[in-house]
Amino acid sequence: MFIAKVTGTVVCTHKDASLKGIKLLAVQPLNDDLSPRGKTLIAIDTIGQSGQGDIVYLAKSKESSLPLERDVVASDLGIMGIIDHYYIGGNYNE
0 MFIAKVTGTV
10 VCTHKDASLK
20 GIKLLAVQPL
30 NDDLSPRGKT
40 LIAIDTIGQS
50 GQGDIVYLAK
60 SKESSLPLER
70 DVVASDLGIM
80 GIIDHYYIGG
90 NYNE
C-alpha cells in the first residue's frame with residue numbers, strides 16, 4: 000500500500016465492462032512528507048467517495064479490486080480509503 004493525492008478525474012466513453020459504474024481517478028503518489036513522488040497514475044475508487052485534493056491510501060495488483068466484491072475487475076490500482084491524518088517518524092500531518 001502507499002499514499003497519494005487525488006489530482007483529477009478520468010472520463011472514459013468506452014471501458015471494460017467490469018469497470019461499469021466505477022469512478023476512475025488520477026492520483027499522484029506521495030512521499031511520507033507529502034511531497035510528490037513518481038508519475039501520475041490512474042486508480043479505481045473502490046469506496047466511491049474520493050475526490051480532488053483528497054489524500055488516499057491505495058492497494059496494487061489483484062488486491063486493488065477486493066472491496067468491490069466482484070469476481071473479476073480490470074484493475075491494478077485501487078483507492079482503499081481517505082486519510083484524515085497520520086503520524087510518521089515524529090511528524091503529524093493532516
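Taking numbering that gives the first Met the number 0, the leading residue of the sequence shown gets 0, the next gets one more, and so forth.
Yeah, the Cβ is synthetic: ideal placement off N, Cα and C, and Gly gets one too.
Being a predicted model, the structure only gives us computed values, none of them experimental.
Taking the CB atoms as reference points, tell me whether residue i and residue j lie closer together than 8 Å.
i: Gly77; j: Ala42; result: yes
i: Ser34; j: Val5; result: no
i: Ile54; j: Ile2; result: yes
Select from the options the residue whose C-alpha is nearest the C-alpha of residue i.
i: Gly88; options: Gly37, Asn30, Gly50 and Thr45; result: Asn30
i: Cys11; options: Leu57, Asp75 and Leu23; result: Leu23
i: Met0; options: Asp15, Tyr56, Gln27 and Leu33; result: Tyr56
i: Ser17; options: Thr45, Gly80 and Ile82; result: Thr45
i: Leu40; options: Gln51, Tyr86, Pro28 and Ile82; result: Pro28
i: His84; options: Lys59, Asp32 and Lys38; result: Asp32
Let me know the secondary structure DSSP gives residue i once reduced to three states.
i: Leu145; result: Because the chain in this structure spans residues 0 to 93, residue 145 falls outside the shown range and cannot be described.
Label residue i either buried or exposed according to how many other C-beta atoms from any shown protein chain fall within 10 Å of its C-beta, with 16 as the threshold for buried.
i: Thr8; result: exposed
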